[in-house]
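Undergrad: Residues in the sequence shown are numbered from 64 upward in steps of one, following our numbering.
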Amino acid sequence: MSPASTLRLAFVLCTGAAVLAASPPSNLPEPMNGTFSVLATSIIDTDVETAWNSILNFSGYPDWNPFVRSQEVLNEWSAPADDQTPVVGSVIRITSQIPPLPFPVNASTPPNILNIRITTENVSHILPETHQVRWYLLSIDEIIAAERWSTVSEFVDDDNKTKVFYESRGVYSGALGSTVQALLEKDITSSFQAQADAMKLTLEA
64 MSPASTLRLA
74 FVLCTGAAVL
84 AASPPSNLPE
94 PMNGTFSVLA
104 TSIIDTDVET
114 AWNSILNFSG
124 YPDWNPFVRS
134 QEVLNEWSAP
144 ADDQTPVVGS
154 VIRITSQIPP
164 LPFPVNASTP
174 PNILNIRITT
184 ENVSHILPET
194 HQVRWYLLSI
204 DEIIAAERWS
214 TVSEFVDDDN
224 KTKVFYESRG
234 VYSGALGSTV
244 QALLEKDITS
254 SFQAQADAMK
264 LTLEA
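Structure below.
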């Protein structure tokens, strides 16, 4: 191998190692088949249980989340339940802003009424051992189906410090999937990432 080829190979190997070091392994499960998907991530200087509790503390979302402004567990009469702790099978009402509000936000931040989206969804998975949670849209799947997985995992960075890798992915399908993609994919992506960024800023404050 010529010296030039050796240098090129060394550069590729070093660059690849840097990319691997900068990209923690994903803790998300395999996605369902869909028309399109969105993904948001952030690296957070906190512990995994604090980050996990932040995901499941729906009542705290209005205080920091520029995307999901309200996420309520409902009772059998479709009113907010007295106990807002989510469990598998919980029906939840999500009030979101697509695109997101500017950060920072708090519970008193007024919405942009033109960008409010309200959906009713079901919590299908809460996996404390792997720090994974999933909820999905209650709808006719053939018309529009949507699921969201969120997860946090620990990894050790290049400075040998343990940090948290937050990931959240939404997948959309059904007859209206391509319409949603054409109209809202960019804004949904920015909303997912706004939540990831706000979670990082909130937990590191």
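Glycine included, every Cβ here is placed at the ideal spot set by N, Cα and C.
Just so you know, these numbers come straight off a predicted model, no measurement behind them.
Please identify the residue among LEU247, ALA259 and ILE207 whose C-alpha is closest to the C-alpha of ARG232.
TA: On the sequence shown, position 169 is the one that residue 232 refers to. Cα-wise, what sits closest to ARG232 is ALA259.
Undergrad: What first and last residue would you give for the alpha helix (DSSP H) that runs through PHE115?
TA: Taking the sequence shown and counting its residues from 1, the one referred to as residue 115 is at position 52. It is worth fixing the name first, because residue 115 is Trp in this sequence and not Phe. Segment 111–119, the alpha helix (DSSP H) holding TRP115.
Undergrad: Please look up how many angstroms separate the CB atoms of ILE161 and LEU247, rounded, as I've assumed it's under 8 angstroms.
TA: Position 98 of the sequence shown holds residue 161. Position 184 of the sequence shown holds residue 247. Indeed, because the Cβ distance is near 6 angstroms, the residues count as touching under 8 angstroms.
Undergrad: Give me the residue from GLU267, LEU266 and ALA261 with the minimum Cα distance to ARG132.
TA: Taking the sequence shown and counting its residues from 1, one reaches residue 132 at position 69. Measuring from the Cα of ARG132, the nearest candidate turns out to be ALA261.
Undergrad: I'd like the ranges of any alpha helix (DSSP H) spanning at least 4 consecutive residues and lying wholly in the segment 136–202.
TA: none
Undergrad: Identify whether SER86 lies in helix, strand or coil by the three-state DSSP scheme.
TA: Sequence index remark: in the sequence shown, residue 86 carries index 23 (1-based). Three-state DSSP puts SER86 in coil, outside helix and strand.
Undergrad: Alpha carbons only, please: which of LEU201, ASN96, SER117 and LEU91 is nearest the one belonging to GLU267?
TA: Residue numbering aside, residue 267 sits at position 204 when the sequence shown is read from its first letter. Here the closest residue by C-alpha is SER117.
Undergrad: Between TYR199, GLN147 and SER202, which has its C-alpha nearest GLY123's C-alpha?
TA: To locate residue 123, count along the sequence shown from 1; it is residue 60. Measuring from the Cα of GLY123, the nearest candidate turns out to be GLN147.
Undergrad: Taking 8 angstroms as the threshold (C-beta atoms), are GLU184 and LEU273 in contact?
TA: The chain is shown from 64 up to 268; residue 273 falls before or after that span and cannot be answered.
Undergrad: If you drop the 5 nearest sequence neighbours on each side, which residues of the same chain put their C-beta closer than 7 angstroms to that of ALA114?
TA: Position 51 of the sequence shown, counted from the start, is the residue given in the question as residue 114. Same-chain partners within the cutoff: ILE107, VAL215, VAL227, TYR229 and LEU266.
Undergrad: Per DSSP, TRP212 is paired with what?
TA: Locating residue 212 in the sequence shown gives position 149, counting from the first residue. The partner list for TRP212 (beta bridge, DSSP) reads ARG197 and ARG232.
Undergrad: Would you kindly report the start and end of the unbroken beta strand (DSSP E) that includes PHE99?
TA: The residue labelled residue 99 in the question sits at position 36 within the sequence shown. The continuous beta strand (DSSP E) containing PHE99 extends over residues 99–107.
Undergrad: Skipping 5 residues on each side, what residues in its chain have a beta carbon closer than 6 angstroms to that of LEU102?
TA: The count along the sequence shown starts at 1 and reaches residue 102 at position 39. Apart from sequence neighbours up to five positions away, the residues of its chain that approach LEU102 with a beta-carbon distance below 6 angstroms are ARG232, ordered along the chain.
Undergrad: Between the beta-carbon of THR98 and the beta-carbon of SER236, is there less than 8 angstroms?
TA: Position 35 of the sequence shown, counting from 1, holds the residue named residue 98. Position 173 of the sequence shown, counting from 1, holds the residue named residue 236. Yes. Within cutoff.
Undergrad: What residue from GLU217, PRO149, LEU239 and ALA245 has the CA that sits closest to ASP110's CA?
TA: The count along the sequence shown starts at 1 and reaches residue 110 at position 47. Ranking GLU217, PRO149, LEU239 and ALA245 by Cα distance to ASP110 puts GLU217 first.
Undergrad: Could you please give the first and the last residue of the uninterrupted alpha helix (DSSP H) stretch that includes GLU205?
TA: Translated into the one-based positions of the sequence shown, residue 205 becomes position 142. Taken as a continuous stretch (DSSP letters only), GLU205 belongs to no alpha helix (DSSP H), as it is neither H nor E.
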